[in-house]
């Protein structure tokens, strides 16, 4: 094993070791040691990732196996790593955000009795996510895929005595299982038709399979690639919360805020985006699949953003904005601009983690109050949180110069140039959503930090007994420092747009077919960061963003009496949005209720009535009637007698026949 | 070091002899001695089974550790033992599970301790006999004999409704086993021998094969159990004491599937192909139908019993799709299910010993009072839901991969278990383990003892071990499975 290979192993194994130590021995080593060991393990992982990043930039990629997990038939299933430019970027994002969240957790979870358990879980998550992004094959991808789902389940239900939390985590796991079901079938088709699950081998053979068809329904042949890609994408839809499998993500906010930032905003939910980008050599072969991706992404971006407008829970606003932004990334994938999607994934990881952790900071200051209608005027008492969140808000709204501007603008451009069916709808969706995004984000900022305080500053929180009732105050440094560290890339990461998108950073790791020329066209029009910002001043997205901010200012600062009137006027629309289009109710009624109803009918009707009632007990009655004739045997266990006879016969045979 | 020792005979007869010795300790005055003797017997049995794995030649497809000596020469019945890659792991599973069953019953069983322990030891030897027998009548004798200790375990130490449960089991089993005996005798009249390996080579017409296949089917389908002859299992589990449930789930259910692989497929290959659609249909019904039935159970043991049936559907599905993924997946699934279902029944036993209830509704918030137990329960629940990294995933994954090669929709229907399995298992976990403390009884629960920790810990290691690194287990199977598949691919007509 070379030095670099050892380093590759170190990246995921360090957090695993941290998780095991904090998880199994946390009771022994105590709280401080538990957070130190996990933080240190993530630091090791981050530093190693930086070293690998430099090595990869120097042109050293790696694709090899660690051990053979299983062989069956002629197939070997390996656990192995693919280290290329896409992987290493994800490794940096994951370890950096994870490190910030680890530090932040010291402050956020300070008073929680499950402190060690929490650190163990987030380190375990980091391990799982790294295994997912570093995989060189579909099986390990699926491993990581389900493992992050497991940790997400454990963390949403972290406060397991809360009924809402354990409802939300079960829902999250099951919805994700629906996606995984499709995903596994997609993997199965890959194995059945390619004979291997190794990325490199599959991607190399994919072009030969472009015209292969499969008859799922006899008589109607479909393109194999379309079927595979759509099945794989179903997995991405659940993990990356795309309509209609998004329903678990808003509820996941029941978990502690640090994991909302780490898992349900910055990293895990982007696994689907990463996966599709990784699979670009397959998706490029199916126009239909790309179309599906494009349309689903467009729907998610637009309709989830609309829900964010009516939310009053600060975390839920950010959650719906995550859904909408994931929709943007998906749209980029559908437009064959994978690198743009991944670029937005990166910038979004920074500013969304920032917004979530900022929201968490507010929540601590408000003593775990999350309702924005009971906040207001926090700007003075928590200036660091306010300014950092303000940067995050400018970034997500796409104000020129901030990270979100570059990535979002690139997505909108990519869709505009795209010729994949559905791109005109997607273009309309992403453009409209720019306005909505700016509006709900600044609605959050204004409702929380500006205006008059709407909370009771006197004595209401005394019963918490923490000795810090009364006026909210700024959070401790373990909370604010991660905010500042995340604000820096939220400002600056976008400036990397040139090298990342147009100068071939991703190189071989992303494949784009000749006919999908959106990205190439954009590269031609790109003349540097400053010209791009200047040019944007004359385009629709810029004015839509500014319009959104101004509208929010007008409604929530200038004329705060207006929103209730508007809400009353458009009662039906606001009800639909508040009920989230009724999808939760429908799923509970149709799927959960339906499954229970069928289960109960099969049990009571099939097992109890027909099989037992008619056949088994009928036979028993018949035998009972027969055995009354033989009552003198007094047999409770006829069978024993029968068997004793058989044994007797054998013994006799052994004794006599043999001799 | 073990060369020359009749290892298979030892792993069969040492536990039985130990069982007889335990019986000899007599009444409950000597309960302590009975327990210690039983543990020693079980541990020695397990130790003796280990060389079967370590000395197993993975490159050889045929029978190993063969022992043969005449028994009833007139009918050419021999005492013929041997193992191949298909059977060897089940012998280890059996001797391992016996150790767990003895430890699990250590404190809980207070009446007729010697008889209880003896029943498990004797049953262990007899079950190993089934996996090792290469003579059809020897197989039959072990097959029938192992039921007696199980009947006694349910009948004496079982719950209030044990008579109904035994009667149901009896009705189901009797018919099937007798038909199997008839099939054996018919094969003897055709081939003049009771050697199973000779049966494999015996030329048979299609009609003969179909009839023999159906006779075996009656015996094995009940044991698996396959839909629709499964309804004895939930009742038997509910009435059985914890140890009984563990052995029933971990080992006895495997007998049926083993029978299909050892007897039905190679003796009647053409009938197996002809009837594979029928077998696959029943398997898929088991996976989907039973998965939904499990969802609405209110009794934890019934829920796990139904989940067992659903998981065993994967085993029969894998056995009848005739590729290496399927058959090896079926074998891995059998092993894994032995550990996972055994562990879940032990978990329910831990709760039952404290609260004397199996009803989900009587629980809630157990994690508050039993955090270590909750962690174990969570792990085994995840394994039961087929989470990658646990043994539960490996077999299901392999069978689904095998099925999709044959027909996409087989894999689709089987794959539904990814959703339903997680739904019924984790919904149970939610109601039992999570939430606020539900009532006073839960409030007074104590976390698991070191003895319980040991049992669950050993199973956790097994579940994670197979999940993370199944290669050493499947390596053992390859050549025997390939041999079986090439044999089944050749028509006897």
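Protein chains in written order, with the working numbering: chain S, 7 to 665; chain R, 5 to 497.
Beta carbons are placed, not taken as given, at the ideal position from N, Cα and C, and that holds for glycine.
Small disclaimer: the values here were computed from a predicted structure and weren't measured.
Note that the C-beta distance between residue 449(R) and residue 358(R) is below 7 Å. In the three-state reduction of the DSSP assignment, residue 73(S) falls in the strand class, which pools E and B. In the three-state reduction of the DSSP assignment, residue 82(S) falls in the strand class. Look at the segment 100-154 of chain R and you find these whole runs of alpha helix (DSSP H), each 4 residues long or longer: 117-136 and 140-149. For residue 73(R), there is no enclosing alpha helix (DSSP H); the enclosing beta strand (DSSP E) covers residues 68-76. Taken atom to atom, the span from the alpha-carbon of residue 403(S) to that of residue 413(S) is near 11 Å. Within the segment 562-620 of chain S, the alpha helix (DSSP H) runs of at least 4 residues that lie entirely inside it are, in chain order, 568-575, 577-584, 589-593 and 600-607.
Of all residues in the segment 151-171 of chain S, the ones placed with a Cβ closer than 9 Å to any Cβ belonging to chain R are 151, 152, 153, 155, 156, 159, 160, 163, 166, 167, 168, 169 and 171, in chain order. Within the segment 322-349 of chain R, the residues whose Cβ lies closer than 8 Å to any Cβ of chain S are, in chain order, 327, 328, 329, 332 and 333. In the DSSP assignment, residue 212(R) falls outside any beta strand (DSSP E) and within the unbroken alpha helix (DSSP H) covering 210-227.
Using beta-carbon distances, residue 426(S) does not count as an interface residue toward chain R, since no partner is under 7 Å. A contact is defined here as three or more CB-CB pairs under 8 Å, and the segment 115-124 of chain R fails this definition with respect to the segment 261-275 of chain R.
Apart from sequence neighbours up to five positions away, the residues of its chain that approach residue 126(R) with a beta-carbon distance below 8 Å are 19, 20, 23, 24 and 153, ordered along the chain.
The Cβ of residue 430(R) sits closer than 7 Å to at least one Cβ of chain S.
Closest by C-alpha distance to residue 342(S), out of 357(S), 606(S) and 524(S), is 524(S).
Contact between residue 429(S) and residue 421(S) holds, with the beta-carbon distance rounding to 6 Å and staying under 8 Å. 7 Å or more divides the Cβ of residue 80(R) from the Cβ of residue 193(R).
Neighbours of residue 617(S) in chain R, taken as residues at a C-beta separation under 7 Å, are given in chain order as 232 and 235.
Residue pairing for residue 226(S): DSSP places it in a beta bridge opposite 223(S). For residue 395(S), same chain residues with a beta-carbon under 6 Å away, outside a window of 5 residues either side, are 364 in chain order. At a cut-off of 7 Å, the C-beta of residue 438(R) has a neighbouring C-beta in chain S.
Any Cβ of chain S closer than 7 Å to the Cβ of residue 300(R) would place that residue at the interface, and such an atom is present. Contiguous alpha helix (DSSP H) elements confined to the segment 352-413 of chain R occur at 370-373, 375-388 and 395-410, taking only those with 4 or more residues. Chain-ordered, the chain S residues with CB closer than 9 Å to the CB of residue 372(R) read 166 and 167. Rounded to the nearest whole angstrom, the CA to CA distance from residue 85(R) to residue 142(R) is 9 Å. Between residue 260(S) and residue 171(S), the CB-CB gap stays under 7 Å.
Out of 520(S), 444(S), 461(S) and 279(S), the CA that lies nearest to the CA of residue 315(S) is found in 444(S). Per DSSP, the continuous alpha helix (DSSP H) segment holding residue 390(S) begins and ends at 389-403. Residue 160(R) does not reach chain S, its nearest Cβ partner there being about 12 Å away, counting only Cβ pairs nearer than 7 Å. Counting of Cβ neighbours within 10 angstroms places residue 611(S) among the exposed residues, the total staying below 16.
In the three-state scheme derived from DSSP, where H, G and I count as helix and E and B as strand, residue 217(S) is classed as coil. Nearest CB-CB separation between residue 196(S) and chain R: not below the 7 Å threshold. Contact of residue 613(S) with chain R by beta-carbon distance below 7 Å involves 235 and 297. Judged by beta-carbon spacing, residue 85(S) lies within the 7 Å limit of residue 146(S), meaning their Cβ atoms are closer than that value. If you draw a 10 Å sphere on the C-beta of residue 33(R), you find fewer than 16 other C-beta atoms in it, and that means exposed. For the segment 278-313 of chain S, the full-length alpha helix (DSSP H) segments reaching 4 residues or more read 286-289 along the chain.
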